Ligand SMILES: Cc1ncc(COP(=O)(O)O)c(C=O)c1O
Ligand SMILES: Cc1ncc(COP(=O)(O)O)c(C=O)c1O
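Residue numbers (our numbering), protein chains in the order written: chain A, 108 to 475; chain B, 108 to 475.
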């Protein structure tokens with residue numbers, strides 16, 4: 108597809124698109140790419156700042172073979188969702204949190220990031236331009252994938268001279284849709300991240316290394332892989348694309364964000380909701396031993412929101428956990444999705460309404 | 108630049124290009140990209156094999172925003188050099204070694220790699236197509252950069268459904284040209300790789316994470332950064348883009364390729380040459396203490412070949428090493444570059460002659 112550039116406002120102003128849905132089988136949504144109409148692209152030279160980007164037709168981008176992303180993995184991604192609320196409003200969930208995480212990542216990878224405001228504005232514009240791809244309420248969400256990549260040409264190992272901030276979207280259902288709970292395998296061969304590395308930022312470089320263990324786990328019938336810390340191999344860290352919590356009595360524990368795990372936005376939100384209903388939520392090292400003694404285990408992440416862990420397999424030991432109606436994860440999942448889908452009032456200020464939004468007025472930038 | 112595809116043989120058959128040089132200031136070559144005329148591109152679907160690629164004009168490539176490389180850092184690169192020998196022949200150095208290393212990397216990142224023969228053939232074709240960009244004998248080399256990247260679109264973390272094998276080239280001088288020796292800083296904050304990670308393959312994901320420490324070291328006046336092992340922080344591993352050796356008496360030691368450092372092809376070649384002249388070359392853990400007690404330290408890599416280390420700074424301690432005429436590194440540098448530039452006979456079978464090479468005949472595939 109050619110890169111025909113359109114003024115940023117044009118696709119946003121069609122009154123017709125407002126009421127229509129794209130031709131998607133909403134009941135059958137999984138977590139795979141369905142290309143939509145538009146994407147957002149902005150560029151920035153090293154040492155300068157991002158100026159306003161543009162909404163252009165979704166399609167392949169043109170990139171130097173010698174770019175930082177293709178040669179040295181200089182790239183970050185983000186992932187968030189926009190929901191069609193019960194009342195019809197389209198609402199992204201906490202986009203400013205993704206903006207801030209991208210800034211931290213950009214600092215670690217020596218790139219320039221868009222400002223929080225630019226990021227949130229770009230998310231809004233991209234979602235609005237692809238409005239008809241937001242699933243009907245309760246049928247899924249529009250997954251939003253911002254990228255920040257080194258697109259300038261650079262031969263020696265260094266930061267690229269130009270960066271591109273790009274956002275594309277895809278309607279999605281659930282990440283691990285079918286299962287009642289995850290069956291995790293504790294990884295003994297590979298490690299995801301080490302202290303002094305990039306585990307705490309959403310660098311693309313953290314993901315290709317986990318594909319092999321993920322494939323191996325899936326081919327043995329597991330849903331996903333649970334990584335241990337690289338330093339000691341004694342503590343649990345996180346799953347390939349989500350954080351982990353264990354529950355025992357009134358105490359909910361999750362590994363700390365001390366450099367090797369991603370500070371998940373769902374993790375943060377769920378911790379807050381857990382505290383709201385009287386649980387003691389602790390961020391601290393969690394050993395495999397404790398994991399095996401927990402009553403309940405669950406995962407959090409944008410893709411799956413909150414998902415119970417049914418079993419964990421450690422060497423040849425398989426431990427089963429509480430799932431279903433009695434599980435805390437079921438309760439927390441409901442609390443959060445009720446906010447996300449506009450079923451209960453959002454007292455947290457997490458949902459950003461964009462329907463009435465007019466580009467440039469900034470009046471609805473999130474305050475969360 | 109548009110992707111106008113040309114038959115692979117056409118640029119190789121112009122008799123004129125044979126005798127001409129490109130319009131380059133050969134005396135001023137550094138290690139920065141000088142775009143040349145052609146690049147090589149081949150594609151392969153997941154589960155299939157690479158078929159023959161094509162030599163096309165050098166220029167930007169078209170890629171899905173949702174590709175494995177842009178989102179999940181699914182990419183490998185290689186780096187090797189072709190020299191214009193004294194007798195005028197153009198000779199890449201050990202390309203089959205890079206082919207094998209790419210295969211190991213592809214396995215780690217769950218990609219399909221070109222066969223050794225395809226890789227070497229593609230290198231030859233790319234070099235021949237860009238013949239006039241190979242610097243005059245003694246003025247530098249043609250740096251060859253093969254990439255293997257996940258170009259298929261993939262939304263969830265997984266291997267991409269399509270891979271692209273691409274080679275571009277650039278004439279280069281030396282990586283750390285000016286200095287008489289490197290001034291290295293031992294890194295205490297960042298780590299490059301961990302056991303169970305991807306440190307031993309040339310994954311793009313190993314490089315963006317080191318840019319920050321490299322920049323910090325350079326801004327303090329150092330040439331490069333020396334990484335310690337992530338597990339204990341006691342042993343030396345390697346520099347951002349090269350391997351390290353220490354010398355004491357008749358013993359030359361270098362960290363082992365046990366999973367966290369790149370098995371350098373220069374490292375392997377220099378180890379062999381060192382043994383040839385009577386040194387005992389040991390591959391084993393080398394502690395910082397030993398480093399500080401060494402008589403001589405040097406680095407090896409495609410970009411700089413062999414380079415003496417003048418100083419190492421560990422915390423606030425600066426240790427000076429032997430450099431210059433008396434140094435083993437000077438001798439080894441001369442031994443290797445004499446082979447590479449065709450000044451002495453290549454008894455090792457390391458240099459691959461490609462001048463008389465006719466694409467498709469395979470009669471000059473390297474046997475090393
Ligand atoms: C490694 C990893 N951990 C955790 C998460 C969860 O983060 P969030 O809740 O912000 O989606 C993600 C991303 O989704 C991830 O990639
Ligand atoms: C991390 C690292 N170590 C070592 C080397 C040296 O390897 P080679 O001698 O094959 O160029 C390189 C690449 O050049 C590298 O990137």
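No residue lacks a Cβ here, since even glycine has one placed at the ideal position from N, Cα and C.
Note that the structure is a prediction, hence the values are computed from the model and not measured.
In the same chain as residue 243(A), and ignoring 5 residues on each side of it, the C-beta atoms closer than 8 Å to its own belong to 128, 133, 191, in chain order. For the options 277(A), 361(A), 301(A), the alpha carbon positioned closest to that of residue 393(A) is the one of 361(A). About 6 Å separates the Cβ atoms of residue 165(B) and residue 142(B), confirming a contact at the 8 Å cut-off. Taken in chain order, the unbroken stretches of alpha helix (DSSP H) that lie wholly in the region 365 to 449 of chain A and span 4 residues or more are 372 to 383, 395 to 400, 435 to 447.
Distances from the CA of residue 301(A) to each of 437(B), 423(B), 454(B), 338(B) were compared; the closest alpha carbon is that of 338(B).
In this structure, the alpha-carbon of residue 448(B) lies about 9 Å from that of residue 458(B). Listed along chain A, the residues sitting closer than 9 Å to residue 146(B) by beta-carbon distance are 172. In this structure, residue 180(A) lies near residue 315(B), with their beta-carbon atoms less than 7 Å apart. Considered as a whole, the region 185 to 214 of chain A harbours 187 to 191, 197 to 199 as its complete beta strand (DSSP E) runs of no fewer than 3 residues, in chain order. The count of Cβ pairs closer than 8 Å, one atom from the region 323 to 330 of chain A and one from the region 319 to 335 of chain B, stays below three, leaving the stretches out of contact. Contact between the region 406 to 421 of chain A and the region 286 to 295 of chain A is present, with at least three C-beta pairs closer than 8 Å. Within chain A, the residues 176, 177, 180, 182, 311, 315 have their CB atoms less than 9 Å from the CB of residue 176(B), given in chain order. Secondary structure note for residue 248(B): its beta strand (DSSP E) is the uninterrupted segment 248 to 257. Residue 346(B) has 333(B), 349(B) as its beta-bridge partners, per DSSP. Contiguous beta strand (DSSP E) elements confined to the region 115 to 174 of chain B occur at 145 to 152, 161 to 164, 168 to 170, taking only those with 3 or more residues. Exposed is the label assigned to residue 423(B), since fewer than 16 other Cβ atoms lie within 10 Å of its Cβ. The closest heavy atom of ligand 2 lies 6 Å or more from the beta carbon of residue 406(B). When C-alpha distances from residue 240(B) are compared across 380(B), 146(B), 365(B), the shortest belongs to 146(B). The bridge partners DSSP lists for residue 275(B) are 252(B). DSSP, read as helix, strand or coil, puts residue 290(A) in strand. In terms of side-chain proximity, the C-beta atom of residue 160(B) is found no nearer than 6 Å to any non-hydrogen atom of ligand 1. For the region 191 to 220 of chain A, the set of residues with a beta-carbon nearer than 7 Å to any beta-carbon of chain B comprises 215, 216, 217, in chain order.
For residue 167(A), at least one C-beta of chain B is nearer than 7 Å to its own C-beta.
At a beta-carbon threshold of 8 Å, the residues of chain A lying near residue 275(B) are 172, 173, ordered along the chain. Scanning chain A for C-beta atoms nearer than 9 Å to the C-beta of residue 440(B) yields nothing, as the closest lies near 20 Å away. Residues of chain B with a Cβ closer than 9 Å to the Cβ of residue 138(A) are, in chain order, 262, 263.
In the DSSP assignment, the residues bridged to residue 358(A) are 355(A), 387(A).
In the DSSP secondary-structure assignment, residue 218(B) is not bridged to any residue.
Relative to residue 258(A), the option among 182(A), 216(A), 371(A), 280(A) whose CA is nearest is 182(A). Going by DSSP, residue 326(A) is part of the alpha helix (DSSP H) stretching over 318 to 326.
When DSSP states are grouped into helix, strand and coil, residue 260(B) belongs to the strand group. For residue 304(A), the chain B residues whose C-beta falls within less than 9 Å of its own C-beta are 297, 298, 299, 300, 301, 304, 316, 337, listed in chain order.
The C-beta of residue 343(A) comes no closer than 7 Å to any C-beta of chain B. One Cα belongs to residue 404(B), the other to residue 398(B), and the distance between them is close to 8 Å. The bridge partners DSSP lists for residue 269(A) are 152(A).
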